[in-house]
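Report on the following structure.
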Amino acid sequence: MPETVSKTRREKVEEKERAILAATRAVFREKGPEDAKITAIAQAANLAEGTVYLYFKNKQALLLAAVSEFYVELTRDAEIAVQTAYETEARLTALARLHFSRVLEEWPLIAEAMGPYLPSPEYRETEAYALNRRYVAVFDGVIRDGVLRGEIRADVSVSVMRDAFYGGLEHFARSARLRSMLPDTEAEVGQFLTVFTAGIMDRPPAGALDGARVVRQLQGVIADIEVQLRSGGQGDGAKQDGGEEQ
Numbered sequence: 007m008p009e010t011v012s013k014t015r016r017e018k019v020e021e022k023e024r025a026i027l028a029a030t031r032a033v034f035r036e037k038g039p040e041d042a043k044i045t046a047i048a049q050a051a052n053l054a055e056g057t058v059y060l061y062f063k064n065k066q067a068l069l070l071a072a073v074s075e076f077y078v079e080l081t082r083d084a085e086i087a088v089q090t091a092y093e094t095e096a097r098l099t100a101l102a103r104l105h106f107s108r109v110l111e112e113w114p115l116i117a118e119a120m121g122p123y124l125p126s127p128e129y130r131e132t133e134a135y136a137l138n139r140r141y142v143a144v145f146d147g148v149i150r151d152g153v154l155r156g157e158i159r160a161d162v163s164v165s166v167m168r169d170a171f172y173g174g175l176e177h178f179a180r181s182a183r184l185r186s187m188l189p190d191t192e193a194e195v196g197q198f199l200t201v202f203t204a205g206i207m208d209r210p211p212a213g214a215l216d217g218a219r220v221v222r223q224l225q226g227v228i229a230d231i232e233v234q235l236r237s238g239g240q241g242d243g244a245k246q247d248g249g250e251e252q
């Protein structure tokens, strides 16, 4: 009996936390950081303002929790997007569209929550930082796999590609928010990828046969098949490579 009561209480706590986080993200999307007060968040969650402080000690703690939830969802969707695409360019396109659209939508929250931490080493101690590392590891895995396939240049570091990819997309998203009209996500991302992939794709001159590149592509295909066979035998999906922040 006590276990049942305890579980019910825990479920109620988790339900209120989810309601507060959902309200926080909705208020930031609708009102922007200037008007996203705790009072407005509490009203959106149908709770008293004091109740919010029972779950989150201050506004910054609430914002970081909301950003952490954002990264958990983003990572899950990024992993799914990569698993359903095969070619490296298709995977990069899926990741770029996902990142651009989500950051465009949630930028007021992200900027407000991360602003005080980004210039500080304290950011590395936050849960949001750990979740961000896990998220960008999906991109790192796509790049490393692309190098093995012979589709991505091996002479440019993963960290440089990662910073250019996410930094460029986030700048695009910030600029898009300043315009009076909603952006055409597909067109914006397409133009960005035209520039980005021109610098990282390993493409030989037209008509040239690059034997080493062909070998790398075959090795990549073999590696993919081996992973699929192991996954099928064990019932588990392939894990993403973790990336080191530079």
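Residue numbers (the working numbering): 7 to 252.
Glycine included, C-beta positions come from ideal geometry on N, C-alpha and C.
Just the C-alpha distance for residue i and residue j, rounded to the nearest angstrom, thanks.
i, j, result
"A214", "E118", "Annotation note: pLDDT 47 at A214 (below 50); position unreliable, coordinate value reported separately. About 50 Å."
"L4", "E40", "Residue 4 cannot be examined here, being either before or after the span of the chain that is shown, 7 to 252."
"A193", "A204", "17 Å"
"K22", "E95", "41 Å"
"L115", "A54", "22 Å"
"D161", "M167", "11 Å"
"V148", "L98", "8 Å"
Could you give the DSSP three-state label for residue i: helix, strand or coil?
i, result
"M120", "helix"
"F34", "helix"
"D190", "coil"
"E133", "helix"
"Y77", "helix"
"L53", "coil"
"Y61", "helix"
"A141", "Sequence check: residue 141 is Tyr here, not Ala. Three-state DSSP puts Y141 in a helix."
Give me the residue from the options with the minimum Cα distance to residue i.
i, options, result
"I26", "G156, T57 and M167", "T57"
"M207", "V19, R155 and A72", "R155"
"E133", "L70, A32 and V33", "L70"
"L80", "L104, L68, A67 and T99", "L104"
"R108", "Y172, A143, F202 and Y59", "Y172"
"N138", "A100, R24 and F76", "F76"
"V73", "V142, R31, R140 and F202", "R31"
"E112", "R16, E17 and A29", "A29"
Here's the rule: buried if 16 or more other CB atoms are within 10 angstroms of the residue's CB, otherwise exposed. What is residue i?
i, result
"T4", "Residue 4 cannot be examined here, being either before or after the span of the chain that is shown, 7 to 252."
"L199", "buried"
"E20", "exposed"
"D190", "exposed"
"E131", "exposed"
"I86", "exposed"
"A136", "exposed"
"V195", "buried"
Name the DSSP beta bridge partners of residue i, please?
i, result
"I86", "I86 is not bridged to any residue."
"M207", "I158"
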